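Q:
Numbering (the working numbering), first residue to last: 149 to 552.
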């Protein structure tokens, strides 16, 4: 569709041609260090002075129970600020972070084979938004002072050993070293309106349309198009609510599951009201009805699973999908989950793509996409924010405001 084509043809030349003008490295580094400041290393082409130490949330070890692991997180106040970045990285002053379920799912160690925490202590968090403080020598499209959002690289940075100490992530800290290729400028925009896009937005976009992400089983699918019939399970969450909007923009027929639970910020509205407001064509109250019964025989093209219940794949999906239909899950990590003659299955992780993220930012600017906010927490309340996510009742994105 024209929607999908437009998302792949965003003009980035204005970003690449932005003039960069910052003062050279100030003399007297030793004096600055003596008062708790460090100059960024000469590996950076442009830089500002930053505090020698920063606050960062850290996890000291895996725990088989993610909820118990959350309780072991500590806010450390004397973590060395990244004082050296690579030629293709930036140093980011983090102003907002966004919570994703993968943040706490990594705490158990169960995903170590695919997303390892290479060493401890580990600073969690993938979605970041803030101000560029330094750029590497080979970075040409970003400058000190730019506002950016990024996913710090769920798949890309999850290597063993990881490219940075402590493994991937690092959003729940005052500063983070981020690959420049994963960043998108959002100058002039309110960070709160877009910081929830990088992981959740790209996950839904790629799962529905492009299929460029990695997968554990089978192949990424991503083949929804104009006229496709798409069912979204768990549609009121941070990923599902974005998927509704994207699918409707692409002129798909969209069915969703939700409940009559009250919205966190508006007691007069239920989650069913919320997903209807986003454009869902069919809304099923999963607390009262079985979606497989309601939609049986209607030959849907795709089920986008944001819940992860095994019976949805094995028992329910074959009743609703057309033969060979797609079941794309971001929550079912059971290794026994496989494709069959009737259902094509994959469990899906995104691949960071700044061009596609730029497309989503443009959609927000144009009023074609809204990132609903469930709640906002203080930096000191990261544990509470993660517990809000693990409870599975959030509607939209959970944000963390980072203080300095």
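We put the beta carbon where it would ideally sit given N, CA and C, even for glycine.
Every value quoted in this text rests on a predicted model; they were computed, and no experiment measured them.
Would you identify the three-state DSSP class for residue 548, choosing helix, strand or coil?
A: Against the chain shown, residue 548 aligns to sequence position 400. In this structure, residue 548 counts as strand in the three-state DSSP scheme.
Q: May I ask you to report which of helix, strand or coil DSSP gives residue 427?
A: Position 279 of the chain shown, counted from the first residue, corresponds to residue 427. The answer is coil: DSSP assigns residue 427 none of H, G, I, E or B.
Q: Just the Cα atoms here: how many angstroms apart are residue 423 and residue 436?
A: Counting from one through the chain shown, the residue named residue 423 turns up at place 275. Counting from one through the chain shown, the residue named residue 436 turns up at place 288. Between residue 423 and residue 436, the C-alpha separation is close to 17 Å.
Q: By how many angstroms is the C-alpha of residue 329 removed from the C-alpha of residue 246?
A: Reading the chain shown from its first residue, position 98 is the one you call residue 246. Reading the chain shown from its first residue, position 181 is the one you call residue 329. When rounded, the distance between both Cα atoms is 19 Å.
Q: List in chain order: all unbroken beta strand (DSSP E) runs of 3+ residues lying wholly within the stretch 352-410.
A: If we require 3 residues or more, the beta strand (DSSP E) runs fully inside the stretch 352-410 come out as 377-381 and 401-406.
Q: Per DSSP, which one or two residues make a beta bridge with residue 237?
A: Here the question's residue 237 lines up with position 89 in the chain shown. Note: residue 237 sits in a beta bridge opposite 327.
Q: Have a look at residue 339 and residue 281 and give me their C-alpha separation to the nearest angstrom.
A: In the chain shown, the residue the question calls residue 339 occupies position 191. In the chain shown, the residue the question calls residue 281 occupies position 133. Rounded to whole angstroms, residue 339 to residue 281 spans 16 Å at the Cα level.
Q: Measure how close the beta-carbons of residue 554 and residue 218 come, nearest whole angstrom, since I'm counting them as under 8 Å.
A: Past the edges of the chain, shown from 149 to 552, lies residue 554, and the structure says nothing about it.
Q: Which of helix, strand or coil does DSSP assign to residue 538?
A: Counting from 1 along the chain shown, the entry for residue 538 is found at position 390. Of the three classes helix, strand and coil, the one that applies to residue 538 here is helix, per DSSP.
Q: Quick check: the Cα distance between residue 372 and residue 359, rounded to an integer number of angstroms?
A: Along the chain shown, one-based indexing puts residue 372 at 224. Along the chain shown, one-based indexing puts residue 359 at 211. Their Cα atoms are separated by approximately 10 Å.
Q: Mind checking residue 552: buried by the 16 CB within 10 Å criterion, or exposed?
A: Numbered from its first residue, the chain shown carries residue 552 at position 404. Per the 10 Å Cβ criterion, exposed.
Q: Sort out for me which residues DSSP pairs residue 450 with in a bridge.
A: The residue labelled residue 450 in the question sits at position 302 within the chain shown. According to DSSP, which records beta bridges pairwise, residue 450 is partnered with 378 and 474.
Q: Provide the residue span of the alpha helix (DSSP H) that contains residue 250, from first to last.
A: The sequence position of residue 250 within the chain shown is 102, counting from 1. It spans 249-253 - the alpha helix (DSSP H) in which residue 250 sits, taken as one unbroken run.
Q: Determine the closest residue to residue 325 out of 236, 407, 404 and 342, with distance taken between C-alpha atoms.
A: One-based indexing of the chain shown puts residue 325 at position 177. When only C-alpha atoms are compared, the closest one is 236.
Q: Can you give the Cα-Cα distance for residue 448 and residue 284, rounded to whole angstroms?
A: Taking the chain shown and counting its residues from 1, one reaches residue 448 at position 300. Taking the chain shown and counting its residues from 1, one reaches residue 284 at position 136. If I take the Cα positions, the gap works out to 48 Å.
Q: What does DSSP give as the partner residue(s) for residue 136 in the beta ladder?
A: Because the chain spans 149 through 552 in this model, residue 136 falls outside it and cannot be assessed.
Q: Which of helix, strand or coil does DSSP assign to residue 202?
A: Sequence index remark: in the chain shown, residue 202 carries index 54 (1-based). Residue state, collapsed to three classes: strand.
Q: How far does the alpha helix (DSSP H) with residue 215 in it extend, from its first residue to its last?
A: Looking up residue 215 in the chain shown gives position 67. Counting along the chain, the alpha helix (DSSP H) containing residue 215 begins and ends at 214-220.
Q: Buried or exposed: residue 157, going by 16 or more other Cβ atoms within 10 Å of its Cβ?
A: Here residue 157 refers to the residue found at position 9 when the chain shown is read from its first residue. Note that residue 157 scores 39 on pLDDT, short of 50, meaning its location in the model is unreliable and no value can be drawn from it.
Q: Does DSSP put residue 418 in a helix, in a strand, or in coil?
A: On the chain shown, position 270 is the one that residue 418 refers to. Residue 418 falls in the strand class under three-state DSSP.
Q: Pull up the distance between the alpha-carbon of residue 275 and that of residue 536, whole angstroms please.
A: The residue you call residue 275 lines up with position 127 of the chain shown. The residue you call residue 536 lines up with position 388 of the chain shown. So the two alpha carbons sit approximately 17 Å from each other.
Q: Going by Cα to Cα distance, which pick from 271, 198 and 240 is closest to residue 209?
A: Counting from one through the chain shown, the residue named residue 209 turns up at place 61. Per the Cα distances, 271.
Q: Is the stretch 525-539 in contact with the stretch 498-517, if contact means three or more CB pairs nearer than 8 Å?
A: Counting Cβ pairs under 8 Å, fewer than three are found: no touch.
Q: Closer than 8 Å is the cut-off here; do at least three beta carbon pairs connect the stretch 379-394 with the stretch 538-545?
A: In short, these stretches touch, since the Cβ pair count reaches three.
Q: Helix, strand or coil for residue 290, going by three-state DSSP, please let me know.
A: Position 142 of the chain shown, counted from the first residue, corresponds to residue 290. It is coil, neither helix nor strand.
Q: State buried or exposed for residue 533, treating a residue as buried only when at least 16 other CB atoms are found within 10 Å of its CB.
A: In the chain shown, counting from the first residue as 1, residue 533 sits at position 385. By the neighbour-count rule (16 or more Cβ atoms within 10 Å), residue 533 is buried.
Q: Between the Cα of residue 434 and the Cα atoms of 215, 408 and 418, which residue gives the shortest distance?
A: Indexing the chain shown from 1 puts residue 434 at position 286. Checking every option, the nearest Cα to that of residue 434 belongs to 408.
Q: Taking only the alpha-carbon atoms, compute the straight-line gap between residue 483 and residue 477 and give it to the nearest angstrom.
A: For the purposes of this step, residue 483 is taken as residue 335 along the chain shown, with counting starting at 1. For the purposes of this step, residue 477 is taken as residue 329 along the chain shown, with counting starting at 1. Cα-Cα distance, rounded: 13 Å.
Q: Residue 333 by DSSP, collapsed to three states: which one?
A: Residue mapping note: residue 333 aligns to position 185 of the chain shown, counting from 1. It is a strand residue.
Q: Any idea which residues DSSP pairs residue 223 with across the strands?
A: On the chain shown, residue 223 is found 75 positions in, with the first residue counted as 1. BP columns for residue 223 point to 205.
Q: Along the chain, where does the beta strand (DSSP E) that runs through residue 468 open and close?
A: Within the chain shown, numbered from 1, the residue matching residue 468 stands at position 320. It is not in any beta strand (DSSP E) - residue 468 instead sits in the alpha helix (DSSP H) that spans 465-468.
Q: Identify, in the order they occur along the chain, each residue of the same chain with its Cβ nearer than 8 Å to the Cβ of residue 554, setting aside the five sequence neighbours on each side.
A: Coverage of the chain is limited to positions 149 through 552, which leaves residue 554 absent and any answer about it impossible.
Q: Between residue 331 and residue 392, is the Cβ-Cβ spacing less than 9 Å?
A: Looking up residue 331 in the chain shown gives position 183. Looking up residue 392 in the chain shown gives position 244. No, the Cβ-Cβ distance between residue 331 and residue 392 is not below 9 Å.
Q: Between the Cα of residue 287 and the Cα atoms of 351, 327 and 200, which residue gives the shortest distance?
A: Stepping through the chain shown from its first residue, residue 287 is reached at position 139. When each option's Cα is compared against that of residue 287, the closest is 327.
Q: Which residue wins for smallest C-alpha separation from residue 496, given the options 337, 357 and 419?
A: One-based indexing of the chain shown puts residue 496 at position 348. Taking only the C-alpha atoms, the option nearest residue 496 is 357.
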